[in-house]
Each structure stands twice: as structure tokens, then as C-alpha cells.
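Before any comments, here is the structure.
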Amino acid sequence: FSHQPIQHNTVHMGAFQAQEKELVFDIDLTDYDDVRQCCSSADICSKCWTLMTIAIHIIDRALVEDFGVQHRLWVYSGRRGVHCWVCDDSVRKWSSTLRSAAVEYLSLVKGGEGTIKKVTLSDNYIHPFIRASLDVVTRYFEEYALVGQDILGNKEKCEKVLALVPETDRDELRKEFHKKHNSVQRWEVLEKKKMLHTEREIMLQYCFPRLDMNVSKGINHLLKSPFSVHPKTGRISVPIDLKKLDDFDPFAVPTISHLCHELDMIGKDEGNGKEAEGLPESSRKSRDYKKTSLAPYVKVFEQFVEEMEKSYKGRLKDSDMQMDF
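Terminal number for the sequence shown in the UniProt record's numbering: 325, no gaps in between.
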């Protein structure tokens with residue numbers, strides 16, 4: 001900030017400004033309600049959580065390979081979405097204009113509730129970012145969209161997909177769909193039709209990440225910090241281990257009440273003499289979290305911080321060698 005936060009009431013309103021902040025991304029399953037078949041609003045399940053897995057794979061790859069970002073912390077919000085904190089020094093100093101440009105680059109799904117077709121690809125050229133994103137979507141599409149969501153499972157669902165197909169092909173596809181028995185078979189019919197980008201556009205509309213631009217572009221926008229407690233679910237907002245991304249289960253994340261119970265049990269064990277005698281109480285309490293279900297998530301966070309420290313120390317060493325003070 002331009003002034004110490006504690007002084008914000010002592011300076012002119014316009015003089016107290018944020019100088020830098022992490023670039024953050026907010027992805028919420030509510031924004032997928034037009035394509036989710038299993039849940040809506042604040043509800044989530046293991047089926048639609050796959051959308052968050054896809055989103056993290058796509059956005060994280062782009063941050064590293066397209067933007068050259070090093071330090072990203074992905075965090076479960078505690079309810080129905082994920083947050084990403086990009087902490088590289090250079091990115092923290094980005095203006096709102098640069099942040100908006102980054103979100104625009106990472107966005108494909110355009111239009112509100114009244115828009116039927118929300119993804120349109122160029123006739124002649126598909127950007128490398130889109131190609132890489134399609135590679136991710138393709139890995140999950142059959143199991144998630146065709147089997148899990150059953151997006152062509154009945155007449156109503158078929159009509160929703162057909163609305164994204166060129167009008168000249170709809171009647172023929174509608175007749176062919178009627179002859180098939182499930183979503184997988186009907187999708188095969190659509191694939192064989194060999195329409196220019198229609199198949200890809202449908203896949204992206206149903207699976208591509210939907211970012212909240214307002215969260216990312218503003219330097220003043222607030223976002224719940226890691227390890228805060230979600231007021232609705234009581235779940236802890238925990239870091240996600242990208243090495244085990246496909247195994248992350250939002251329903252296995254501990255709640256504050258469960259952690260309190262675990263800590264109570266630890267206290268009882270200590271009272272029964274199971275903890276090493278002679279250890280200062282303050283030392284015991286500082287280590288208590290390592291015995292709870294929160295421990296693996298704290299480890300992910302510690303590893304993230306350690307990587308940032310290594311990077312910072314490396315820059316200091318380079319600066320010293322160049323006599324750049």
C-alpha cells in the first residue's frame with residue numbers, strides 16, 4: 001500500500017492506494033450452471049468437480065508456458081470453486097490493464113444467459129493456447145460430459161447441443177441421434193459429420209474454464225486467504241497439490257468442527273501421557289496441526305513458500321555478484 005494500512009483513516013481517501021498485489025483467478029462452479037446437468041447453484045458433486053480439475057490443468061499450463069509464471073498457489077475455496085494466487089514479483093506489479101489482458105487471453109466462453117453459442121473459433125486458425133486447452137478437455141470429455149453428464153441423453157439435451165450446430169446440419173443430425181441409444185453413440189455421429197470447428201466449440205463451451213474477470217483485474221479486490229474457514233460449509237480453504245490434482249476430493253477437506261475434534265483428541269492423548277514428557281507446552285501446541293487432517297495441506301503451502309524463498313535468495317545472490325545494490 002502507499003501508506004501503512006493502520007493509517008488509512010489518517011490520510012486523504014484518494015491517497016491510500018494498493019501499490020501491488022498477487023494476480024488472482026476465481027473459478028466458480030455456479031458459472032457453469034448452463035452446462036451442468038448434475039447440480040446447480042451452490043451444490044457440487046464429484047461429477048461436476050471434474051470441471052475444476054480441467055480448469056486448473058488449462059490455466060496452470062498457460063500461466064507457466066505462455067506467461068512464464070513460476071509461483072502459483074491453487075486453493076480450494078471451501079465450497080464450490082478454486083482460487084489461484086500468482087505471486088511472482090513482476091506479476092504483482094501488473095496494472096489493471098495488464099491483468100485484464102491476461103484474463104481476456106485465458107477466456108473463450110463469452111456471453112450471458114441469453115447467449116446460446118458462447119464459443120466461436122476462427123475459420124482458418126486455432127491459437128496454440130486453444131489447441132493445448134483442447135488436449136486437456138479431450139482427455140476428460142467422454143467420461144465427464146458423455147458418461148457423467150450424459151449431455152446427449154434425451155431429446156431436451158440433444159436439442160441444447162444441436163442449437164450449437166450449423167442450422168444446415170441440424171435436421172440430419174436430429175434424425176441420426178434418434179437411432180442411437182446413448183450420448184457416446186450420438187457424439188460419434190456428430191464427430192463423423194466433420195463440421196469445421198463445431199465439435200471443438202461444443203467441447204469448449206461445456207468444459208472450458210470460466211473466469212471471473214472482475215476478481216482478476218482489480219488490485220483492490222479481496223479474496224479469502226488460504227486456510228480461512230468458509231462460513232457456509234465450515235470447510236477450510238486449503239491449497240491443492242498439483243501433483244495429485246486428479247485425486248483432489250473437495251468433500252474430504254476437513255471442516256473447522258472436525259479439526260477442533262481432532263485437536264481435542266490430541267489433548268486427551270497428551271493428558272494420558274502419550275506425548276513426550278518434558279516438552280514445553282508451546283512447542284507441543286505449535287506441532288499439533290501436524291497430527292490433524294490439515295497436515296498434508298499445510299505441507300503443500302510450506303513447499304510453495306520454500307520455492308518462493310529459494311527464488312528470492314537466488315535473485316539476491318545474482319544481485320550481489322553483479323554489485324547491483
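Just so you know, even glycine gets a beta-carbon here, dropped at the ideal spot from N, CA and C.
As the structure is a computational prediction, the values presented were derived from the model and not from experiment.
Which partner residues does residue i have in the DSSP bridge list?
| i | result |
| --- | --- |
| Arg-79 | For Arg-79, which the question treats as bridged, DSSP gives no partner whatsoever. |
| Arg-235 | Thr-255 |
| Ile-27 | Val-82, Leu-211 |
| Trp-74 | Cys-84 |
| Val-229 | Ile-236 |
So residue i is in the alpha helix (DSSP H); what residue range does that whole segment cover?
| i | result |
| --- | --- |
| Phe-67 | Neither: Phe-67 is in no alpha helix (DSSP H) and is coded neither H nor E. |
| His-178 | 167–179 |
| Trp-187 | 183–192 |
| Leu-162 | 155–162 |
| Arg-36 | No alpha helix (DSSP H) contains Arg-36, which DSSP labels as neither H nor E. |
| Leu-98 | 96–105 |
| Cys-140 | It is Tyr, not Cys, that sits at residue 140 in the sequence shown. It spans 128–141 - the alpha helix (DSSP H) in which Tyr-140 sits, taken as one unbroken run. |
| Ser-90 | 89–92 |
How long is the line joining the alpha carbons of residue i and residue j, rounded to whole angstroms?
| i | j | result |
| --- | --- | --- |
| Asn-9 | Gly-234 | 33 Å |
| Asn-154 | Lys-110 | 26 Å |
| Cys-48 | Cys-39 | 7 Å |
| Arg-61 | Phe-227 | 25 Å |
| Thr-53 | Gly-114 | 27 Å |
| Val-137 | Leu-204 | 7 Å |
| Met-308 | His-71 | 7 Å |
| Glu-172 | Asp-150 | 21 Å |
| Asp-88 | Val-69 | 7 Å |
| Lys-243 | Ile-202 | 29 Å |
| Lys-217 | Leu-108 | 17 Å |
| Phe-25 | Arg-139 | 23 Å |
| Ile-27 | Leu-196 | 30 Å |
| residue 348 | Tyr-105 | Limits of the chain in this structure are 1 at one end and 325 at the other, which puts residue 348 out of reach. |
| Glu-20 | Val-161 | 43 Å |
| Arg-186 | Ala-145 | 12 Å |
| Lys-121 | Ile-240 | Residue identity differs from the one stated: residue 121 is Leu in this sequence, not Lys. Computed Cα separation, rounded: 32 Å. |
| Thr-255 | Arg-79 | 11 Å |
| Ser-95 | Lys-291 | 42 Å |
| Leu-63 | Lys-179 | 44 Å |
| residue 331 | Ser-77 | With the chain covering 1 to 325 only, the question about residue 331 has no answer from this structure. |
| Tyr-206 | Lys-157 | 12 Å |
| Ser-133 | Leu-211 | 15 Å |
| Val-35 | Leu-222 | 28 Å |
| Asn-124 | Leu-164 | 19 Å |
| Pro-209 | Ile-44 | 16 Å |
| Asn-182 | Lys-194 | 20 Å |
Taking buried to mean at least 16 other C-beta atoms within 10 Å of its own C-beta, is residue i buried or exposed?
| i | result |
| --- | --- |
| Phe-325 | Low confidence applies to Phe-325: its pLDDT is 44, below 50, so where it sits in the model is not reliable enough to give any reading. |
| Ala-102 | buried |
| Glu-199 | buried |
| Ala-252 | exposed |
| Gln-303 | exposed |
| Pro-166 | exposed |
| Lys-118 | buried |
| Val-238 | buried |
| Pro-231 | exposed |
| Val-83 | In the sequence as displayed, the identity of residue 83 is His instead of Val. Buried: at least 16 other Cβ atoms inside 10 Å. |
| Leu-23 | buried |
| Val-75 | buried |
| Ala-55 | buried |
| Lys-310 | exposed |
With hydrogens ignored, establish whether the beta-carbon of residue i is closer than 7 Å to any heavy atom of the ligand SAM.
| i | result |
| --- | --- |
| Asp-247 | Summarising the ligand content, the structure contains no ligands, and the ligand SAM is consequently not present. |
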